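Remarks on the structure that follows.
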Amino acid sequence: MSAGEAESGRESHLKMSSFTSGGELRARCAEAGIDLPVDDSFQPGGPMSTPLATGSGSAPNRWAILPMEGWDGTAEGRPTEFTRRRWRRFGQSGAGLIWGGEAVAVRHDGRANPNQLVIIEETLGELASLREELIHEHQMVRGAASKPVVGLQLTHSGRWSRPHAGGRLEPWIAYRHPLLDRRVASGLPARVMTDSDLDRLVDDFVVAGERASRAGFDFVDIKHCHGYLGHELLSAVDRPGCYGGTLENRCRFLRSVAAGLRSVAPGLGLGVRLSLYDSLPFGPGPGGVGRAEAWDGAAYPYAFGGDGVYFCLDEPAAWLTMARDAGVQLICTTAGSPYHNPHLQRPAAQPPSDGYLAPEDPLRGVARQIQATATLKRRVPGLVWVGSAYSYLQEWIGPVAQAVVTGGMADMVGLGRLALSYPQLPLDLEAGLVPDRKRVCRTLSDCTTAPRNGLISGCYPLDPFYKSLPQAVELRIIKENSRPRR
């Protein structure tokens with residue numbers, strides 16, 4: 012599998028809304044060499060409606076909501092009404108599992124933005140209330156007997172930390188990266204975390220997990236994805252000491268957190284959202300099309316799950332085996348990072364303001380994540396697998412999700428961006444309704460462009476609530492002034 016087959020030009024692709032049948036979509040995929048499972052139609056009451064034992068409770072169906080931040084907490088890390096509305100809407104999806112709600116920092120210096128939530132004693136009651144409001148909304152649409160499995164995603168943002176007003180980068184890094192270090196050079200000097208620093212951070216994650224347990228969450232996600240600190244440790248191949256070098260050392264952070272949580276909160280489930288593979292960093296090339304940065308060395312060593320160009324799942328399989336043996340029960344798969352290769356992470360029709368045009372058909376990126384998840388599910392049994400990257404499928408989410416679950420390629424299907432515009436899609440599909448085209452996420456990336464420019468995140472094109480905000484006018488101006496370079 013290659014990181015991008017079209018560095019010299021953009022691979023052509025069709026709008027998802029243009030397909031009129033599952034057969035037509037399968038034919039397009041076959042023509043392009045894209046291995047995407049698609050059923051002819053969605054079956055209400057079928058495979059997506061079956062319950063699933065997760066190890067952290069029984070999920071009433073196979074839908075999951077992925078972590079979606081709003082950049083809308085307070086400076087102290089508390090939720091606001093914007094936050095509460097988002098969590099209530101997650102509950103209104105009727106999804107059987109809520110993967111983390113959103114990323115919550117275990118301490119203030121690990122916040123990815125000055126308005127990220129923080130889990131400390133002072134915020135614990137409000138985080139518990141978010142969970143309670145979400146469950147209430149779920150039961151309003153599913154009935155009082157139904158209860159979703161609800162987790163909380165714990166994070167330290169590492170290289171991408173922006174904890175203070177003004178949003179200046181204040182990076183904590185696992186190692187010196189010859190390419191990514193340039194991307195954080197505009198902030199404070201990056202500080203390499205020592206082994207002692209990481210030991211203390213392990214303790215902070217354990218304390219945060221125990222707090223999440225007291226707040227009623229069924230599991231915590233020890234985040235290892237998207238370029239944040241846990242993910243960066245996976246590629247710390249030339250870091251000295253006990254957290255770098257060998258794969259076993261690069262799993263030490265996770266294993267230490269898991270051991271601590273088993274001790275202080277034995278009833279708390281453990282999950283990991285994992286970027287299964289990575290690549291060389293990308294940026295805009297000719298015509299605004301994404302192109303990998305040049306690498307002058309021999310082999311690129313800093314891509315977990317590959318060599319920077321091609322992907323190999325041997326290393327992730329070995330790491331996941333260690334994670335399972337450490338007590339992890341749930342895995343939510345993803346890929347890459349929004350900061351340096353977003354086309355791998357979230358296939359989209361349009362890039363955010365600081366992005367680039369996808370060098371490949373986004374369907375290829377969707378299928379890559381689905382197939383990688385299926386491969387690792389076969390290789391590492393004994394885990395519950397939640398897949399990602401489905402929002403780009405738009406009207407075809409249902410038939411693809413059903414084919415994936417029926418084929419044993421994942422246990423649950425996660426919805427991220429689409430949960431901002433149309434959280435009720437699972438309910439509509441199960442009721443036999445045609446998806447509401449006016450609410451289906453078109454992956455226009457406004458939910459990323461807004462926070463990249465200091466605005467709260469939300470679906471400005473399709474959610475009337477966000478469309479009516481003053482920030483919607485600001486966002487239109489920002490987009491007009493920051494088109495990708497061509």
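Just so you know, we're using the working numbering here: the sequence shown kicks off at 12 and counts up by one.
For each residue, glycine too, the CB sits at the ideal point set by N, CA and C.
Because the structure is a prediction, the values reported are computed rather than measured.
| Item | Value |
| --- | --- |
| Beta strand (DSSP E) segment containing ARG463, residue limits | Taken as a continuous stretch (DSSP letters only), ARG463 belongs to no beta strand (DSSP E), being part of the alpha helix (DSSP H) at 457-463. |
| 7 Å Cβ cutoff met for PRO363 and THR459 | yes |
| Segment contact, 8 Å Cβ cut-off, at least three pairs: the stretch 64-77 with the stretch 93-107 | yes |
| Cβ-based burial, THR2 [other Cβ within 10 Å; buried from 16] | Since the displayed the chain opens at 12 and closes at 497, residue 2 lies outside it and no answer follows. |
| Test item: CB-CB of VAL129 and GLY88 under 7 Å | yes |
| Member of PRO410, LEU281, GLU42 whose CA lies at the smallest distance from the CA of ASP372 | GLU42 |
| Complete runs of the beta strand (DSSP E) confined to the stretch 403-445 [at least 3 residues] | 423-426 |
| GLN361 (DSSP reduced to helix, strand or coil) | coil |
| Residue interval of the beta strand (DSSP E) (run including LEU163) | 160-166 |
| Cα-Cα separation between LEU473 and LEU429, rounded to whole angstroms | 10 Å |
| Given ALA383 as reference, the closest of ALA114, ALA346, MET27 once Cα atoms are compared | ALA346 |
| Cβ-Cβ separation, VAL231 to LEU145 (assumed contact under 8 Å), whole Å | LEU145 to VAL231, Cβ: 16 Å. No contact. |
| Spatially closest choice to GLY409 from THR386, ASP439, GLN380, VAL391, by CA coordinates | ASP439 |
| Member of ALA329, GLY299, VAL160 whose CA lies at the smallest distance from the CA of LEU2 | This structure leaves residue 2 out entirely; the chain is present only between 12 and 497. |
| Element boundaries [beta strand (DSSP E), containing GLY294] | 293-295 |
| Alpha carbon of GLY44 to alpha carbon of ALA378, nearest angstrom | 10 Å |
| Inter-stretch contact (C-beta, 8 Å, three-pair minimum) for the stretch 300-309 and the stretch 197-207 | no |
| Straight-line gap, MET151 to THR454 (C-alpha atoms, nearest Å) | 29 Å |
| LEU212, DSSP secondary structure in three states | helix |
| C-beta atoms of LEU285 and HIS235 nearer than 7 Å | yes |
| Presumed contact (8 Å Cβ cut-off) between LEU341 and VAL397, rounded CB distance | 7 Å |
| Distance, THR257 Cα to GLY111 Cα | 29 Å |
| Closest Cα partner of ASP46 within the set TRP407, ILE381, LYS490 | ILE381 |
| Boundaries (first-last residue) of the alpha helix (DSSP H) holding THR384 | 373-390 |
| Under the three-state DSSP convention, the category THR345 falls into | strand |
| Bridge-paired residues (DSSP) for ASP232 | GLN164, GLY282 |
| Cβ contact (3+ pairs, closer than 8 Å) linking the stretch 237-249 and the stretch 349-358 | yes |
| Nearest to ARG21 (by Cα), restricted to the options ARG273, PRO58, VAL300, ASP214 | VAL300 |
| Proximity below 7 Å, CB of ALA226 to CB of LEU138 | yes |
| Beta-carbon contacts of PRO125 that lie in its chain and below 8 Å, excluding the five residues immediately before and after | ALA86, ARG173, PRO174, HIS175, ALA176, GLY177, GLY178 |
| Own chain, CB closer than 8 Å to ARG96, minus 5 neighbours either side, in chain order | PHE476 |
| ASP229 versus ALA38, GLY282, PRO90, ARG263, residue with shortest Cα-Cα distance | GLY282 |
| Closest by C-alpha distance to GLY298, when choosing among TRP74, ARG193, GLY366 | GLY366 |
| Sequence ranges, beta strand (DSSP E) only - wholly within the stretch 91-121, length at least 3 | 114-116 |
| Which residues DSSP lists as bridging ALA303, in chain order | PHE293 |
| Residue span of the alpha helix (DSSP H) that contains ALA38, given as start and end | 33-43 |
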